[in-house]
Amino acid sequence: MKDEIIEVQENLSDSPLFSEHLAPVPKEKRTWTLWNLAAIWVGMAVCIPTYILASYMIKSGVSWQVALIIIGLANLIITVPMVLNGHAGVKYGIPFPVFGRASFGTSGIHIAAIVRAIVACGWFGIQTWIGGLAFYAIWNAITGSEASLGLSIGKFIGFALFWLLNLYFIWKGTESIKWLESFAAPILVLIGFLLIIWGSNEAGGFGAVLEQGKQLESPTAVLSNNDGILEMRLTPLKNVQGNFKANEFQVSVPTASGEMKTLGWQKLNTESMTFPLSDTGVNERAVTDHSQPVEVKFRKISGETITESSTVSLVLTEGSSAGPSHKLWGYLLWLTAMVGFWATMSLSIADITRYARTQKDQVLGQFIGLPGTMVLYSFIGIFVTFAAIANFQDILISQDAPWDPVSLLSRFDSPTVIIISQIFMIIATLSTNIAANVIAPANAFANVFPKNIDFKRGGLITGIIGIIICPWWLLDEISGILIFVSGLLGPVLGILLCDYFVIRKKELNLSALYKTDGEYFYKSGFNPAAMIALAIGVLMALIGYWVPALSFLYNLSWFTGFLIASILYYVIYKLTFAKPAPVLN
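Here the sequence shown is numbered in my numbering, starting from 1420 and rising by one per residue.
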């Protein structure tokens, strides 16, 4: 990409759309290098959601190798529009809300920017709660206190401490954020490699760990109906020597009365792991119509020590559907979800690239920092979990594998290990939160009232909303957000890129972006072509959420919304407007 930096040539300070923070960053203040841009992606990508990303796929039966390929491919895909959308940030020095005025209009951009901001505020609250739990764990390790399972005063104090730590960096401004990310990146990469070394040493070698982990790709138990005989096949975890860790199992079946009947503990027969249910008094109709499950749990008796697994609920399988086309479709669904992981950042990346010195720095920095870190830390999450099931003999089934680092750390008794690991957790969560969940909403709120809200106040509003959403109640609702959000934001990105690259050929009237009577004011501040394309793009991406026959559109929502909105925008714009006016910067 050609290195061209356009600077504003007139005084716009009296415009209601202009503020010092939203103004183009002058050339002499572009201090972010290739390393800084790569570091900010390392800092953002190293977080608990990245660590456990592959676990969702592996639990569904996808191999760890395929899971990593999907994660790598998804992040290469999303880095392409990330780099394209970052071009305007470098060339014109403008943040996302100002850049979006060209395509959506000076007022229309508020719709996209505020949706982006609210999503970030939600994630800010959740990440702040997670960071607060790290403070809470350190306090318990120091004092020897017992951790509370529910909400407690200690957890809220930890939340408040981490919230204030975030506010400190917000108040210090973007240079402090650059320092934080550059400081955190090498530490986080080093910790990742140390975790791999730990796993290899504890579980008997690198290859042994990966071999042991293959078990997690298979379900603990499968319920099937073979020629009218209801039976259950059991596959609990094995130790490094190849022996089942559990030595007994217990089954609970639904009866005709609707009650669950729990059978006695039975020895595992390693020669035949198939258990018939026909003679157990099971209500087969309730099982076949999926109205009630069959439940199974395992235990290990070693001397006087008894270790029990969690309970696994089973529903009847309808036969194999894992043909090539079915598998391919499953991979596409996972690919969409993984693309959606960074869909919000692909919109607002100009908020960061406006501080870059050259296009080369932003392109290489993003390609070096994002895909590689996502694959590395997803692999670390896989590898450390595999090492844990090899190392901890009380993990009897795959459902009990400690996929998230919080569950893993709870297995260590050493206060020193807990304190050190939680400090690194704080660094990782802080670096993710500030870069991914503060900069964009702060700019979006500043864009609503440029003369009254600056970056600091926008960041404070972000922090307050992060409290109001009560993140301690949202944690269990996050898994379904990625696809839904990608359906909302894919169309926005499609319109931005179509307008900038296809219609305007990367040429913007920089001064007009800050004028209420300029070419980007359109119709009362709204570009009709963008509004129509956005509405139809979002509708088509999300309609499958309510209409089962169109569920494929929703399952591929990011791609659906992106393609439909960009094509519609191009057609409607060409029919509505003449060629864009010649740009005079």
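Virtual Cβ for every residue (Gly too), placed ideally from N, Cα, C.
As the structure is a computational prediction, the values presented were derived from the model and not from experiment.
Would you check whether the ligand FMN has a heavy atom nearer than 6 Å to the C-beta of residue 1528?
The ligand FMN is not part of this structure, which contains no ligands at all.
Using 7 Å as the threshold, is the C-beta distance between residue 1635 and residue 1438 below it?
The residue labelled residue 1635 in the question sits at position 216 within the sequence shown. The residue labelled residue 1438 in the question sits at position 19 within the sequence shown. No.
Any idea what DSSP makes of residue 1430, helix, strand or coil?
Mapped onto the sequence shown, residue 1430 falls at position 11. Residue 1430 falls in the coil class under three-state DSSP.
Rounded separation between residue 1805 and residue 1570 - CA only
Position 386 of the sequence shown holds residue 1805. Position 151 of the sequence shown holds residue 1570. Going by the C-alpha atoms only, they are around 31 Å apart.
To the nearest angstrom, how far is the alpha carbon of residue 1434 from that of residue 1489?
As a first step, residue 1434 is located in the sequence shown; it is residue number 15 there, counting from the start. As a first step, residue 1489 is located in the sequence shown; it is residue number 70 there, counting from the start. Computed Cα separation, rounded: 47 Å.
Helix, strand or coil for residue 1652? Go by DSSP, reduced to three states.
Translated into the one-based positions of the sequence shown, residue 1652 becomes position 233. Three-state DSSP puts residue 1652 in a strand.
Per DSSP, what kind of secondary structure is residue 1826 in: helix, strand or coil?
In the sequence shown, counting from the first residue as 1, residue 1826 sits at position 407. Correct three-state label for residue 1826: helix.
Between the C-alpha atoms of residue 1909 and residue 1981, what's the straight-line distance to the nearest angstrom?
The residue labelled residue 1909 in the question sits at position 490 within the sequence shown. The residue labelled residue 1981 in the question sits at position 562 within the sequence shown. In a straight line, the C-alpha of residue 1909 is about 4 Å away from that of residue 1981.
So, helix, strand or coil for residue 1641, using DSSP?
If you number the sequence shown from 1, residue 1641 lands on position 222. DSSP places residue 1641 in strand when its eight states are reduced to three.
State the start and end residues of the unbroken alpha helix (DSSP H) segment that holds residue 1706.
Here the question's residue 1706 lines up with position 287 in the sequence shown. First-last of the alpha helix (DSSP H) with residue 1706: 1703-1707.
Provide the residue(s) that pair with residue 1535 in DSSP beta bridges, ordered along the chain.
Counted from its first residue, the sequence shown places residue 1535 at position 116. According to DSSP, residue 1535 bridges with nothing at all.
So, helix, strand or coil for residue 1665, using DSSP?
For the purposes of this step, residue 1665 is taken as the residue at position 246 of the sequence shown. Coil, per DSSP.
Within the chosen definition, does the region 1624-1634 reach the region 1857-1874 through at least 3 CB pairs nearer than 8 Å?
These segments do not touch.
Rounded C-alpha distance that separates residue 1430 from residue 1519:
Position 11 of the sequence shown, counting from 1, holds the residue named residue 1430. Position 100 of the sequence shown, counting from 1, holds the residue named residue 1519. Approximately 21 Å, taken between the alpha carbons.
Assuming residue 1475 and residue 1799 make a contact with CB atoms under 8 Å, what is their CB distance in whole Å?
Along the sequence shown, read from residue 1 onward, the residue named residue 1475 stands at position 56. Along the sequence shown, read from residue 1 onward, the residue named residue 1799 stands at position 380. No, residue 1475 and residue 1799 are not in contact; Cβ-Cβ is about 16 Å, not under 8 Å.
Just to confirm, are residue 1452 and residue 1786 a CB contact at a threshold of 7 Å?
Here residue 1452 corresponds to residue number 33 of the sequence shown, with the count starting at 1. Here residue 1786 corresponds to residue number 367 of the sequence shown, with the count starting at 1. Going by C-beta atoms, residue 1452 is not nearer than 7 Å to residue 1786.
Can you check the region 1480-1538 for any alpha helix (DSSP H) of at least 4 residues that lies completely inside it and give the ranges in chain order?
You should have 1483-1511, 1515-1518, 1520-1523.
Residue 1522 to residue 1917 span [Cα, whole Å]
In the sequence shown, counting from the first residue as 1, residue 1522 sits at position 103. In the sequence shown, counting from the first residue as 1, residue 1917 sits at position 498. If you take the alpha carbons of residue 1522 and residue 1917, they lie about 9 Å apart.
Which residues mark the beginning and the end of the beta strand (DSSP E) in which residue 1681 is found?
As a position in the sequence shown, residue 1681 is number 262, starting the count at 1. First-last of the beta strand (DSSP E) with residue 1681: 1679-1681.
Thinking C-alpha only, which one of 1605, 1814, 1878 is nearest residue 2012?
The structure shown has nothing for residue 2012, since the chain only spans 1420 to 2004.
DSSP on residue 1733, reduced to helix/strand/coil?
Along the sequence shown, read from residue 1 onward, the residue named residue 1733 stands at position 314. Residue 1733: strand per DSSP, three-state reduction.
How about the region 1950-1969 and the region 1977-1996: do they share at least three Cβ pairs that are nearer than 8 Å?
In this structure the region 1950-1969 touches the region 1977-1996; the number of beta carbon pairs closer than 8 Å is three or more.
C-alpha gap between residue 1834 and residue 1827, whole angstroms
Start at 1 with the first residue of the sequence shown, and residue 1834 comes out as number 415. Start at 1 with the first residue of the sequence shown, and residue 1827 comes out as number 408. Going from the Cα of residue 1834 to the Cα of residue 1827 covers about 14 Å.
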